[in-house]
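Participant:
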Amino acid sequence: MTSRTVRRGTDSENTARSSIFQVGRLPEAHGLYDPEFEHDSCGVGFVAHIKGERSHQIVLDADEMLRHMTHRGACGCEENTGDGAGILVSMPHDFLSRVVKEDLNLTLPEQGNYGLGNVFLPTDVSQREHCKKAVEEIAHQQGLVVQGWRPLPVAPDVADIGPSALRALPQMEQVIISTSNGKVADQDHLERQLYIILKASSRLLREGSNLPQGLMFYFCSLSSKVLVYKGMLTPDQVMPFYPDLQADDFTSHLAMVHSRFSTNTFPSWDRAQPCRFMAHNGEINTLRGNANWMYARQGMMSSDLFGDDLKKLFPIIESHCSDSGNFDNALELLLMSGRPLPEVMMMMIPEAWQNHHSISVAKRAFYEYHSALQEPWDGPASVSFTDGQCIGAVLDRNGLRPSRYYVTHDDRVIMASEVGVLEVDPKIVKEKGRLQPGKMFLVDFEEGRLIPDEEIKEKYATKRPYQEWLQDQRILLSDLPPEGQLEEVPKKELLSRMQAFGFTFETLKFMLIPLIKAKKDPIGSMGNDAALACLSDQSRLLYDYFHQLFAQVTNPAIDSIREEVIMSLECYIGPEGNLLDSTEEQCHRLLIPEPIISNEEMAAIKSMDYRGWKNKTIDVTYPKAEGEAGFRAALDRIREEASQAIADGFSLITLSDRAVGRERIGLPTMVSCGAIHHHLVRNEQRTQIGIVLETGEAREVHHHCLLFGYGADAINPYMAFEALWHSLDAGELDAKKWDRDTIVAAYRKGVSKGMLKVMAKMGISTLQSYKGAQIFEAVGLNKEIIDTCFSGTASRIKGIGFDVVAKECEMRHNIGYPQREQHRLPVLPNPGVYHWRANGEKHSWSPENIANIQAAATTGDKDAYKRFAKAVNEQTTRECHLRGLLTFKKRDSIPLEEVEPVTEIVKRFCTGAMSYGSISAESHEALAIAMNRLGGKSNTGEGGEDSARFKPMENGDSKRSAIKQIASGRFGVTSWYLTNADELQIKISQGAKPG
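Sequential numbering from 114 applies to the sequence shown in our numbering.
Written out as structure tokens, the structure reads:
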């Protein structure tokens, strides 16, 4: 097959093109959009020859596979502008030798003795030359030589590239790098040098330069083993766009393909896949935490293989990447540091081992040892990977992405997101199957065979004596000597302390007591009509400004009860070792079986001097007399003390607010924990110490989830225990059923169950991955607070600053410690957050509103309805919800006769999708009758609908809902149900969620 006509574009055209669109540069953060929250969900697959035989047919098969996964990719309003597609192949040496000779009059060294990569470059000539010279200089520093730059042939006209992709099209060239004599003694050493060049160039030109088109610079790959062709293409455009792929002598023994569906994101040329060593279908839900932890670990990294060059690789996790790109960044590092690729995948995506009782001892020890080194990259994922010597795939521990494979008698292996992507004669199929959750599928070309999951994992599990290392090195919480002095709040101080920490009557009645009785997070209603914290006129805790994110659309949630076997709250805490090494000392860490610790365990930690471990207690309170200045000074002080504790050799720091009293106010625990966590991350120190919280403020499941999400390692909520013990002493708990120990045990169990539920809603399986992952969004906090304490968290409307936070801390403190004794409250306040109270928290549904709507509904009183509508529109909505702050610009009025009549307007109305189980059958049917009378549409919700409602009533009314919902796995969906619908809605994931 001959190459097609190639048009590269003139320099002036390229410059004009770049002025319209910045390649690789996603839109800047603006309004409610932030490019940091980019995810994608896609189709992935590969075809390979098990014996390593090269052919062009492999490439053609991969192209067919890719085109058959077009439906798994996406395009925008332009059908010929794709979200991204590409192909990864082993280095096509014969083809490259020919074209490099023809194009550059250059003779390539022997295969394996040179590196080559496809590079995206600026379209501006001067900037492009600047980038190329920088790469050449960095290569020279590494003792290598850039032998040449081959303009990469592309055919946008032939491929029919859409206008948006064409405007974003970078200049593309192939760089050829080798030693001065073209000979390499160690190919792995060459790979590491190429990796250094790639990372150093990217840091200099993408991250650290002032080039207007700096983000255009991007290495698709740079290797002596594999080569990546990709772009902002549809699957059927890849082959025609890159004429190289069409040449008969372009051969490979493997080909990995990817079709990108950019979920809630913008497509770009560099974010297309495959990445440099992998292709990913799914989402990394713990990305923020993974990236932060990897950045923090840089301070502890060292490598004999890289030596002083190691720092040239930092930052390991590159900005301007998708979650898949960040995963590939971490994979590259671990692979280049000397670990085999299958072992790296076992570290990054471990199977569920904590509660898997039939797993082998060696494999359990492997996973436990490596859990002391790093957290899993968690989320629904099917990852294909290759380094040219092997190719394989692995599923996440939940198996939430499909992967199916065929093995044929002619030694081909075909793996893809679905069957049917490649036409295969059933007679030659030797074996077929699908990947199981957490299992690995691997083809080793050197051995020429497919290696079973058990064999792969036993090989690496028995590589080192992990079980012995764990037994000798790990520290159990129960091992700590109980030498610490137990501290209790004096009874005469208890009420004042509770008031100062924001405890209320509702805290005990609606949250803590129900929590321990049911041993799970209490549920109060199907919604929260109280005012947002940022709109409230009450003093609200900082936790109330944060809202949990949740899995939706392509990202399914987990059932934390039925799928408990794949979930775990067990964590190692304390100083980590060098991620790039595997030694016995790496697992010398403290194992915490559950995240909430008792007062006895807290005392043991605070006084610990055990096997080289010591704890430093940091006071997180400040003098009340100093006000906001004292608040800010305390924030600076605790960060300095945390860094000094590391310098002094402490293994743990305990952030304690037990010093709160008449003269001292506690920093909000969210502020102290988040500020220290991010301070240490920024200084690459976070993995050198553990953070334990001794907090009087945190008590609810949401509070604990937030604190772990922002870096806490363990929490002792001592005031929650004290409050419940006080309830026991006051007779609010049955003394025959409860004592202090059972209360603490029930509280810990309830919080643990609640945390598992919250993690499961986001599709995260382990607390180790959830910790520091920041799966929250803030509503109403300004940039200073976010940057200082919660860096990377979305706070789209900005809001209050430290001045207001400090003032509200003082307001709560004044309730417990008023200036005048006669102002002291004899009981806990009741602000009416969970239950409406006069002069309490504002609610959307006040007694007055309810009375008016009931009067209007039962008597037809129009004035009552007008009073209801006026109150809702002009008062409660504005006081409780952001939408109430929205005003419409007024226009000149138009004659009423030009407006559609009300009878026509209401036909566009639809009711909310509420199931009859949530509002009762009577209410559900009344809504349907009303909407059918109006000509609008009612919605069944996911609860379905009784078929008896499909038949009209005798008076002509109809109870039939025009909109029918189909929930995943829902019962009762029949052809009769579906045909009795004007509109069908397919629900993905559960619950009333956007998307």
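We put the CB at the ideal spot given by N, CA and C, even for glycine. Owing to the predicted nature of the structure, the values given are computational and were not obtained by experimental measurement.
If you compare alpha carbons, which of CYS684, MET624, LEU265 and TYR883 is closest to ILE588?
Facilitator: Here residue 588 is taken as the residue at index 475 of the sequence shown, counted from 1. The candidate whose alpha carbon is nearest that of ILE588 is CYS684.
Participant: For ASP1095, count neighbouring C-beta atoms within 10 Å of its own C-beta (all shown protein chains included) and say buried if the count is 16 or more, exposed if not.
Facilitator: The count along the sequence shown starts at 1 and reaches residue 1095 at position 982. With fewer than 16 other Cβ atoms within 10 Å, it is exposed.
Participant: Going by Cα to Cα distance, which pick from GLN306, LEU358 and GLY546 is closest to ASP421?
Facilitator: As a first step, residue 421 is located in the sequence shown; it is residue number 308 there, counting from the start. The shortest C-alpha separation from ASP421 is found at GLN306.
Participant: Where does LEU999 land, buried or exposed, given buried means 16+ other C-beta within 10 angstroms?
Facilitator: Here residue 999 refers to the residue found at position 886 when the sequence shown is read from its first residue. So LEU999 counts as exposed.
Participant: Give the DSSP bridge partners of GLN661, in chain order.
Facilitator: Counted from its first residue, the sequence shown places residue 661 at position 548. PHE889, per the DSSP bridge assignment.
Participant: Whole angstroms are fine: how far does the CA of ASN398 sit from the CA of ALA392?
Facilitator: As a working note, residue 392 is residue 279 in the sequence shown. As a working note, residue 398 is residue 285 in the sequence shown. Going by the C-alpha atoms only, they are around 17 Å apart.
Participant: For the putative contact between TYR518 and LYS545, defined by C-beta atoms under 8 Å, what is the C-beta separation to the nearest angstrom?
Facilitator: Looking up residue 518 in the sequence shown gives position 405. Looking up residue 545 in the sequence shown gives position 432. Going by Cβ atoms, the distance from TYR518 to LYS545 rounds to 7 Å, so yes, they are a contact pair.
Participant: For MET924, report the span of its alpha helix (DSSP H) as first-last.
Facilitator: Taking the first residue of the sequence shown as position 1, residue 924 is located at position 811. MET924 -> alpha helix (DSSP H) spans 915 to 929.
Participant: Between the C-alpha atoms of GLN699 and GLY690, what's the straight-line distance to the nearest angstrom?
Facilitator: Here residue 699 is taken as the residue at index 586 of the sequence shown, counted from 1. Here residue 690 is taken as the residue at index 577 of the sequence shown, counted from 1. Computed Cα separation, rounded: 5 Å.
Participant: Determine the burial state of ALA848: buried for a count of at least 16 other Cβ atoms within 10 Å of its Cβ, exposed for fewer.
Facilitator: In the sequence shown, residue 848 corresponds to position 735, counting from 1. By the 10 Å Cβ count, ALA848 comes out exposed.
Participant: Helix or strand or just coil, what does DSSP make of GLN492?
Facilitator: If you number the sequence shown from 1, residue 492 lands on position 379. Gln is not the amino acid found at residue 492; the sequence shown has Gly there. Here GLY492 sits in coil by DSSP.
Participant: Spatial neighbours of ALA129 within its chain, please: CB distance less than 7 Å, with the 5 preceding and 5 following residues excluded, ordered by chain position.
Facilitator: Numbered from 1 along the sequence shown, position 16 holds the residue referred to as residue 129. Because ALA129 sits at a pLDDT of 36, beneath the cut-off of 50, its placement in the model cannot be relied upon, and the point is left open.
Participant: With DSSP collapsed to three states, give me the class of TRP582.
Facilitator: The residue you call residue 582 lines up with position 469 of the sequence shown. Reduced to three states, the DSSP call for TRP582 is helix.
Participant: Along the chain, where does the beta strand (DSSP E) containing HIS162 start, and where does it finish?
Facilitator: Mapped onto the sequence shown, residue 162 falls at position 49. Element bounds for HIS162: 156 to 162.
Participant: From the DSSP output, in three-state form, read off ASN511 for me.
Facilitator: Here residue 511 corresponds to residue number 398 of the sequence shown, with the count starting at 1. Coil, per DSSP.
Participant: At the level of alpha carbons, what is the spacing between LYS540 and VAL520?
Facilitator: Indexing the sequence shown from 1 puts residue 540 at position 427. Indexing the sequence shown from 1 puts residue 520 at position 407. LYS540 and VAL520: Cα-Cα distance of roughly 12 Å.
Participant: Please classify GLY687: does DSSP put it in a helix, a strand, or coil?
Facilitator: Start at 1 with the first residue of the sequence shown, and residue 687 comes out as number 574. In the structure shown, GLY687 sits in coil (DSSP, three-state: anything other than H, G, I, E or B).
Participant: Sorted by chain position, which residues of the same chain lie with C-beta nearer than 6 Å to LYS737's C-beta, five sequence neighbours on each side aside?
Facilitator: Within the sequence shown, numbered from 1, the residue matching residue 737 stands at position 624. Correct list, in chain order: GLU776 and ILE778.
Participant: Report the rounded CA-to-CA distance for ILE913 versus GLN502, giving the unit in angstroms.
Facilitator: Taking the sequence shown and counting its residues from 1, the one referred to as residue 913 is at position 800. Taking the sequence shown and counting its residues from 1, the one referred to as residue 502 is at position 389. Approximately 55 Å between the Cα atoms of the pair.
Participant: Tell me, which residues are paired with GLU215 by DSSP?
Facilitator: Along the sequence shown, one-based indexing puts residue 215 at 102. The partner list for GLU215 (beta bridge, DSSP) is empty, contrary to what the question assumes.
Participant: Grouping DSSP H, G and I as helix and E and B as strand, with all else coil, what is ASP732?
Facilitator: Working through the sequence shown from its first residue, we reach residue 732 at position 619. Strand at ASP732.
Participant: Excluding sequence positions up to five away, which residues of its chain have a Cβ less than 6 Å from the Cβ of ARG477?
Facilitator: Within the sequence shown, the letter at position 364 stands for residue 477. Result list for ARG477: TRP466, in chain order.
Participant: Under three-state DSSP, which class holds TYR518?
Facilitator: In the sequence shown, the residue the question calls residue 518 occupies position 405. TYR518 falls in the strand class under three-state DSSP.
Participant: Using a 10 Å radius around the Cβ and a threshold of 16 neighbouring Cβ atoms, would you call THR906 buried or exposed?
Facilitator: Counting from one through the sequence shown, the residue named residue 906 turns up at place 793. So THR906 ends up on the buried side.
Participant: How is MET528 classed by DSSP in three states: helix, strand or coil?
Facilitator: In the sequence shown, residue 528 corresponds to position 415, counting from 1. Residue state, collapsed to three classes: strand.
Participant: Near GLU676, what residues of its chain come up, given a Cβ to Cβ distance below 8 Å and the 5 sequence neighbours on each side ignored?
Facilitator: Residue numbering aside, residue 676 sits at position 563 when the sequence shown is read from its first letter. Correct list, in chain order: ASN511 and ALA873.
Participant: Following the continuous alpha helix (DSSP H) through PHE821, name the residue where it begins and the one where it ends.
Facilitator: One-based indexing of the sequence shown puts residue 821 at position 708. Here the alpha helix (DSSP H) through PHE821 covers 814 to 822.
Participant: DSSP on SER291, reduced to helix/strand/coil?
Facilitator: Residue 291 sits at position 178 when you count from the first residue of the sequence shown. The answer is strand: DSSP assigns SER291 an E or B state.
Participant: Which of the three DSSP states, helix, strand or coil, is assigned to PRO264?
Facilitator: Residue 264 sits at position 151 when you count from the first residue of the sequence shown. Strand.
Participant: How should TRP1089 be labelled, buried or exposed, when 16 other C-beta atoms within 10 angstroms of its C-beta is the threshold for buried?
Facilitator: Reading the sequence shown from its first residue, position 976 is the one you call residue 1089. Label assigned to TRP1089: exposed.
Participant: Could you give the DSSP three-state label for ALA947: helix, strand or coil?
Facilitator: In the sequence shown, counting from the first residue as 1, residue 947 sits at position 834. Here the sequence assigns Tyr to residue 947, which means Ala is not the residue at that position. TYR947: coil per DSSP, three-state reduction.
Participant: What does the alpha-carbon distance come out to for the pair PRO550 and LEU869?
Facilitator: In the sequence shown, counting from the first residue as 1, residue 550 sits at position 437. In the sequence shown, counting from the first residue as 1, residue 869 sits at position 756. Each residue's Cα considered, the two are about 20 Å apart.
Participant: Rounded C-beta distance between ASN405 and GLY885? I'm assuming under 8 Å.
Facilitator: Here the question's residue 405 lines up with position 292 in the sequence shown. Here the question's residue 885 lines up with position 772 in the sequence shown. Yes, ASN405 and GLY885 are in contact; Cβ-Cβ is about 6 Å, under 8 Å.
Participant: Do you know offhand how far GLY825's Cα is from SER293's?
Facilitator: One-based indexing of the sequence shown puts residue 825 at position 712. One-based indexing of the sequence shown puts residue 293 at position 180. Rather than Gly, the amino acid found at residue 825 in this sequence is Ala. Going by the C-alpha atoms only, they are around 52 Å apart.
Participant: Is it right to say THR989 is buried, meaning 16 or more other beta carbons lie within 10 angstroms of its own, or is it exposed?
Facilitator: Position 876 of the sequence shown holds residue 989. It counts as buried.
Participant: Touch check for the segment 487 to 502 and the segment 330 to 341: three-plus C-beta pairs under 8 Å?
Facilitator: Output reads yes: the segment 330 to 341 touches the segment 487 to 502.
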